[in-house]
Every structure is written in structure tokens, then in C-alpha cells.
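**Q** Residue numbers (my numbering): 1 to 335.
For every residue, glycine included, the Cβ atom is placed at its ideal position computed from N, Cα and C.
These numbers come from a predicted model, not from an experiment.
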Amino acid sequence: MAKPKVLVTRKIPPPGLEIVSEYCDLDLYEGYEPIPNAELLSRIRDKDGLLCLLTDKIDKSVYDASPRLRVVSSYSVGCEHIDVDEATKRRIYVTNTPGVLTEATADLTWALLMATARRIVEADSFVRKGLWKHWHPELMLGHEVHDKVLGIIGLGRIGEAVARRAKGFKMKILYYDKIRKRDLEEQLGAEYKDLEDLLKESDFVTIHVSLNPDTYHLINESRLKLMRSSTILLNAARGPVIDQKALAKALKEGRIAGAGLDVYEKEPIDLDDDLMRLYNVVLLPHIGSAEIETRSKMAELAARNLISVLKGQMPPHLVNPEVLKLRPLSDVKMM
Ligand code: NAP
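(1) Please tell me whether, using a cut-off of 6 Å, the distance from the CB of T97 to the nearest non-hydrogen atom of ligand 1 is below it.
(2) Can you have a look at E186 and say buried or exposed, based on whether 16 or more other CB atoms are within 10 angstroms of its CB?
(3) Opposite K200 in the DSSP bridges: which residues?
(4) Using 7 Å as the threshold, is the C-beta distance between D243 and N280 below it?
(5) Rounded to whole angstroms, what's the CA-CA distance from V282 to L131? Just pull it up for me.
(6) Mind the definition here: the region 209-218 touches the region 107-120 only if three or more C-beta pairs lie below 8 Å; say whether that holds.
(7) In terms of residues, what are the limits of the beta strand (DSSP E) holding T95?
(8) Pull up the distance between the alpha-carbon of A123 and that of P137, whole angstroms please.
(9) Which residues does DSSP pair with N235 in a beta bridge?
(10) Taking 6 Å as the cut-off, is the C-beta of G154 nearer than that to any heavy atom in ligand 1?
(11) I want to know whether the region 289-297 touches the region 51-71 - three or more CB-CB distances under 8 Å.
(12) Can I207 be considered in contact with ligand 2, in the sense that its beta carbon sits closer than 6 Å to one or more heavy atoms?
(13) The alpha helix (DSSP H) that contains S21, what's its start and end?
(14) Looking only at its own chain, which residues have a Cβ that is under 6 Å from the Cβ of K181, when we skip the five neighbours before and after it?
(15) Between K200, K47, V94, F169, which has its C-alpha nearest P321's C-alpha?
(16) Is the CB-CB distance between A65 and L41 below 7 Å?
(17) Is the CB-CB distance between D107 and K148 below 7 Å?
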């Protein structure tokens, strides 16, 4: 039996490619940059499976170009780059890689929180520029972290992992989510608040909701106005959850104290973006899950998701379970 044909849109870490090439006829895009759209549309034509990244827009045009496509496996937990509803209509399985990047992203969120609160990036640059002449009682004063109030927007996997770390800093934990999570409230000592109250009462606000139509610009100008002038806002979820222009304005006017961002409305962020000129902001290049071990686990999981579907087996993480009714796995099976 011929092997299924699969396009992988970037060189992912081992053992991802090894697993895919063991079972499939692999077509790998070798560029360092995202695959150009025209090339994606041309190379997907004869493919049964696609392993893509969050930088690839997988929409109707991709599905139109690939009549044989059975599975789209994303090397990410967020799936807003994929038109999942359209994939389901076309009986295409969509999978993602949650869980394996939870702790890494929670660690990064804490790195951002500490770096922003204690001005770590600014202090490093101060030393390197030779500006450090004396110890001074008011040199690089930052914000206290321990015993403060942490407001978590989205107490899912990553939000919960961030909350577990906050307990070590003796922080009071508030959270807002679509639904109350009473079991976690007890385990973490977390208190449910509506969004407005959380913004008013927190010293640190950290965003961990997925990006969807309800969370687009969830933090907008009027909600930023609810925050205290001493509050620090963190985002390691998805950029469009914050109205970035409104955030830059709030930071410039000193309406909030600082921001730590790993994600942006447009990535990479423009060099002339207002945020670039502000010193009370720490800017990272979307590296939430960027750990050697984590990226390997993501690659393995993305490959296993893909292979499972093509083998007619239930993948570890199916994003659109409704597809099972439209096209049973036995119908998808190719090996
Ligand atoms: P998750 O477990 O699905 O958590 C997301 C939480 O947000 C869930 O509790 C969800 O509730 C809640 N939520 C969704 N829509 C909401 C709304 N409109 N209002 C209030 N709460 C809402 O996902 P996760 O694994 O923690 O990941 C969270 C996000 O982090 C991902 O979607 C991804 O975009 C981002 N991420 C970023 C990086 C990075 O590199 N910076 C790395 C990994 C993940 P329900 O479960 O009820 O929908």
C-alpha cells in the first residue's frame, strides 16, 4: 500500500519528522521563514495530511486546493490560524498539542512577571552601558511581587499552572473564566471575580484565555481604565486579546504601571510600534513554549496526532470531535 502523502510546513524538532517519515511520504518545507501562501497552495494539492504551525493560515483556499486532505495537525495549542468549522464541514480532522507546553508557558509567564516588576531587562542594559556608578537606595526600584494580588483571566491549563506558582509567592489569587471552577478554587485558594472587579482589584493581571470571537479585544480602552496605576498587565496567550493601541496609550499616560508581552496583534511587532519606545514594557518574541524539551514533546505529539488519524485511530488531541460523526475514523484510515 502506498504511504500517505504529508506536507510539513517547517523543520520541527526531533522526533517529529522521524515519526512522520517512518509512516508517510514526507514533503518538508525547509525554509526558516513561514511557507509562502502560494507554495503552500501548490504543495498541498496531492496531500493526505498537513502538519502546520501557528504562522500558517489554513483556510478555505487551502482546503479547496487539497481535495484529498484528511487531517490538519497543528504544532500549537491555539488553533485560531485554522478555519476549524470549515475543516469540519469538509470532514477534515484537526488536532493540536495542548498539555505538553503548559508548564513551559507558565514558567515564561513568571519570567515576564518578574522581569517587568523588577525591571530586569532595563537593569541589564543599564549595567552593560556602563551607567552603573554607585549603589543607590533608589536605583531601579520595582514593584513588590510577593503577597500581592494576581488576577488570572482564563483559568485553563496554563492559567492554573501560573496560579500554582503564585502560591509560592504567597499571592492572593483572583480569576475570571467563562465558568466558575469550584474544584480549583478550593485547591488553589482562588477567588472568582467578574472581569471588571478582577481588573480593579489586581496588582498583576495575566491573560490565559484562548483567542476566539468573545476574547478578541477583551482588554480594551474602557477595561484598561479600570486598572490601577500600579498594576502590571501580562499577556502570554494571544495578542489580539488586548487592544494593543489602547494598551500603548494607557502605558504612555501612566494609567497602568507596566506590561510584559510575549504575543502581539501583529507578529512580529513593527519596529515603529508605540510599545517599542516605552521602557515600562518587556517585549518577548512569542517564546512561551520555547524550551528544548517542550518543543520536542510538541513535535512528537503533533506527529502522533497526524499518524493516528491516518491509521484510522483516535488522535491524542482532536480539536473538532464533531467530525467523527461526519466521517468515522475507519473511513479515514490509509495504513
Ligand atoms: P485552555 O486550557 O483551553 O485554557 C483557556 C481558558 O480560557 C479556558 O478555561 C477557557 O474556558 C477560557 N476561556 C475561553 N474563552 C473565554 C471567554 N470568552 N471568557 C472567559 N474565559 C474563556 O488553554 P491553555 O492550554 O491554558 O492555553 C491558553 C492559551 O494560551 C492558548 O489558547 C494559546 O493561545 C496560548 N498559548 C500561548 C503560548 C505562547 O507561546 N505564548 C503557548 C501556549 C499557549 P473553556 O475551557 O470553558 O473554553
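**A** From the atom records:
(1) As a position in the sequence shown, residue 97 is number 97, starting the count at 1. No, Cβ of T97 sits at least 6 Å from all heavy atoms of ligand 1.
(2) Here residue 186 refers to the residue found at position 186 of the sequence shown. Exposed, by the Cβ-count rule.
(3) Along the sequence shown, read from residue 1 onward, the residue named residue 200 stands at position 200. Paired residue(s): none; K200 is not in a bridge.
(4) The residue given as residue 243 occupies position 243 in the sequence shown. The residue given as residue 280 occupies position 280 in the sequence shown. Cβ atoms of D243 and N280: not closer than 7 Å.
(5) For this step, residue 282 is matched to residue 282 along the sequence shown. For this step, residue 131 is matched to residue 131 along the sequence shown. If you take the alpha carbons of V282 and L131, they lie about 20 Å apart.
(6) Between the region 209-218 and the region 107-120 there are fewer than three C-beta pairs closer than 8 Å, too few to call the two in contact.
(7) In the sequence shown, the residue the question calls residue 95 occupies position 95. According to the DSSP assignment, T95 belongs to the beta strand (DSSP E) that extends over 93-95.
(8) Along the sequence shown, one-based indexing puts residue 123 at 123. Along the sequence shown, one-based indexing puts residue 137 at 137. Between the alpha carbons of A123 and P137 lies a distance of about 14 Å.
(9) As a position in the sequence shown, residue 235 is number 235, starting the count at 1. In DSSP, N235 forms a bridge with I207, L261.
(10) One-based indexing of the sequence shown puts residue 154 at position 154. Yes, the beta carbon of G154 sits closer than 6 Å to at least one heavy atom of ligand 1.
(11) No, the region 289-297 is not in contact with the region 51-71.
(12) In the structure on display, ligand 2 does not appear, and the ligands it does have are ligand 1.
(13) Mapped onto the sequence shown, residue 21 falls at position 21. Unbroken alpha helix (DSSP H) run through S21: 16-23.
(14) Translated into the one-based positions of the sequence shown, residue 181 becomes position 181. The beta carbon of K181 is closer than 6 Å to those of L155 in its chain, skipping five residues each way along the sequence.
(15) In the sequence shown, the residue the question calls residue 321 occupies position 321. Per the Cα distances, V94.
(16) As a working mapping, residue 65 is identified with position 65 in the sequence shown. As a working mapping, residue 41 is identified with position 41 in the sequence shown. In contact: A65 and L41 (Cβ atoms closer than 7 Å).
(17) For the purposes of this step, residue 107 is taken as residue 107 along the sequence shown, with counting starting at 1. For the purposes of this step, residue 148 is taken as residue 148 along the sequence shown, with counting starting at 1. No; because the gap between Cβ atoms is not below 7 Å, this pair is not in contact.
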